[in-house]
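Below is one structure, written out as structure tokens, with a few remarks after it.
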Amino acid sequence: MFDYFSRLATLNDKIDPSFYQTYDVKRGLRYSDGRGVLVGLTRIGDVVGYEVRDGEKAAVPGRLLYRGYDIEDLVRDTEQRDEFGFEQAVFLLLFGELPTASQLAEFRALLGTMRALPEHFVNDMIMKAPSSDIMNKLARSVLACYSYDTDPEDTDIQNVLKQSLELIARFPTMAAYGFQAKRHYYDGKSLYIHNPDPALSTAENLLRLIRADKTYTRLEAELLDLSLIIHAEHGGGNNSSFAIHVVSSSDTDTYSAISAAVGSLKGKRHGGANIKVIEMMDDIKENVRDWSSEREVGGYLRKIVRKEAFDRGGLIYGQGHAVYTVSDPRALLLREKAKKLAEEKGVLDEYGLYRLIERLAPELVAEEKQTGKLICANVDFYSGFVYSMMDIPRELFTPIFAISRVAGWAAHRIEELVSGGRIYRPAFKNVGNPRAFIPLEQRR
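In my numbering, the protein residues as written are 1 to 444.
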């Protein structure tokens, strides 16, 4: 029965691709040259990959700005002070200014007090309804927080800010417990439920909560903290942040808006991209004997692009970005730190393979596809490798993204409530034909 109905739905939902050109539809809200259609304004983040000169796009080295500050400066400041920097990035995104030393200390302490979940939440909302996908469990946990809020519908900024801070603090705990429940009920593994430590950073707490022995090295925590910083925000046009604006514009509650963003990020075209990179790299490592050979590695990459290897999709995953063309600043920062962890873990040969692919891919793809389009390694190319070196299970890769990006989502929700004021309502052209109604007894 469902086979028949699925064929029927597919037949009646199919739209002639030529119609998109006929009606000048900006598919995916993008122009034909890849630029996004301007649908909003933001002061939170900026993604710079090109400049428009004399009406033409000109590629430039990528830059990512949080409230006007370059992400590289935020990362270097963290390194120089030898502190974890994600909490400072969260403060900046939410409040629009860099914190003073006392403000930062107070903010970290506040987040620490909020990391534990409400009484009975773990048992009633996580353990009694485990999920095989942690992102699904995370979205449901966010919605469940509504039931523990004494005033969940209040959209006054002070209340939304309180809700946002609680979610930012709780995301690592909810994701970790969702992972432990999945691991126990679906994989038959031992169940470990550790309490978060209020004195630890977000990165340290996450590593503590997902590991049976609660241990981690300083370098592991630093690399995870770096990953959280660089994933926290990426402008208002990325799919999940745009979802926050769209859903918030309807004047719904914070939990509904944030859970919608989690659902968006779950998609393989968005937050799940680094898993495809790891799967591709597994395939390359299995089929290439000499990881240092340009000839062997390049030859296999060429097979991938020609749809003769891996998933036959013709893509070298982790290469290319909608905005960045010369370089992705997040990938450069992660690559630099990843080498140190590769040395610590004794996998420099694998790190060398990543670097070789990064160097070969742009020219090879341009040659094979003959598009003339510049591409560079994006952040997904190295993030999965970093998590793998830390023995973080793959099912946690996208939840880690969410743990970071919830800071940007919260900032965009507040911005929409403060400055939006109008529900999103773009137009869709109906290309179906009017039909005369057929009485039931005459239908065949």
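By construction, the Cβ of each residue, glycine as well, lies at the ideal position given by its N, Cα and C atoms. Computed from a predicted model, the values in this text were never measured in an experiment.
Across which residues does DSSP place residue i in a beta bridge pair?
| i | result |
| --- | --- |
| Q319 | A377 |
Helix, strand or coil: which one does DSSP assign to residue i?
| i | result |
| --- | --- |
| A59 | strand |
| L110 | helix |
| E83 | coil |
| L200 | coil |
| D251 | coil |
| D391 | coil |
| R425 | coil |
| P399 | helix |
| K345 | helix |
| T100 | coil |
| R435 | coil |
| V446 | What is shown of the chain runs 1 to 444, which leaves residue 446 out entirely. |
| N287 | helix |
| N430 | coil |
| F445 | This structure cannot settle anything about residue 445, because the visible part of the chain is limited to 1 through 444. |
| Q370 | coil |
Quick one: Cα of residue i to Cα of residue j, how far?
| i | j | result |
| --- | --- | --- |
| G318 | P434 | 45 Å |
| M135 | G432 | 36 Å |
| A257 | I244 | 6 Å |
| S201 | V323 | 31 Å |
| G384 | Y50 | 26 Å |
| R269 | D380 | 11 Å |
| K337 | T78 | 13 Å |
| L138 | E204 | 19 Å |
| F107 | Y216 | 24 Å |
| D24 | F171 | 41 Å |
| L65 | V75 | 12 Å |
| V262 | E286 | 33 Å |
| A101 | L334 | 26 Å |
| E367 | G96 | 44 Å |
| E294 | D73 | 34 Å |
| E344 | G272 | 27 Å |
| D154 | K162 | 11 Å |
| M127 | I392 | 21 Å |
| H321 | G236 | 16 Å |
Using a Cβ-based criterion (distance less than 6 Å to any ligand heavy atom), does residue i qualify as near the ligand MG?
| i | result |
| --- | --- |
| D187 | This structure does not include the ligand MG; it has no bound ligands of any sort. |
Worksheet item: What runs of the alpha helix (DSSP H), each 4 residues or longer, lie entirely inside the segment 117-162?
Response: 134-145
Can you give, in chain order, each stretch of the beta strand (DSSP E) that sits fully within the segment 6-69 and has at least 3 residues? 45-53, 56-66
For the pair the segment 75-91 and the segment 132-148, tell me if three or more CB-CB distances fall below 8 Å.
no
- Would you call the segment 401-417 and the segment 226-235 in contact, with 3 or more CB pairs under 8 Å? yes
- request: Please confirm if the segment 276-292 is in contact with the segment 301-316, defined as three or more CB-CB distances below 8 Å between the two stretches.
  value: yes
Inset, instruction - Decide yes or no for the touch test of the segment 181-193 against the segment 414-431: beta carbon pairs closer than 8 Å, at least 3 of them. - result: no
request  = At 3 residues or longer, and completely inside the segment 168-248: list those beta strand (DSSP E) runs for me, N to C.
outcome  = none
Any 3 or more C-beta pairs closer than 8 Å across the segment 290-309 and the segment 337-357 | yes
Counting pairs of beta carbons, one from the segment 344-354 and one from the segment 56-73, are three or more of them closer than 8 Å? no
Touching by the beta-carbon criterion (3+ pairs, under 8 Å), the segment 116-123 and the segment 164-183
yes
How about the segment 238-255 and the segment 408-423: do they share at least three Cβ pairs that are nearer than 8 Å?
-> yes
Scan the segment 251-278 and note each continuous alpha helix (DSSP H) run of 4 residues or more that stays entirely inside, going in chain order. 254-265
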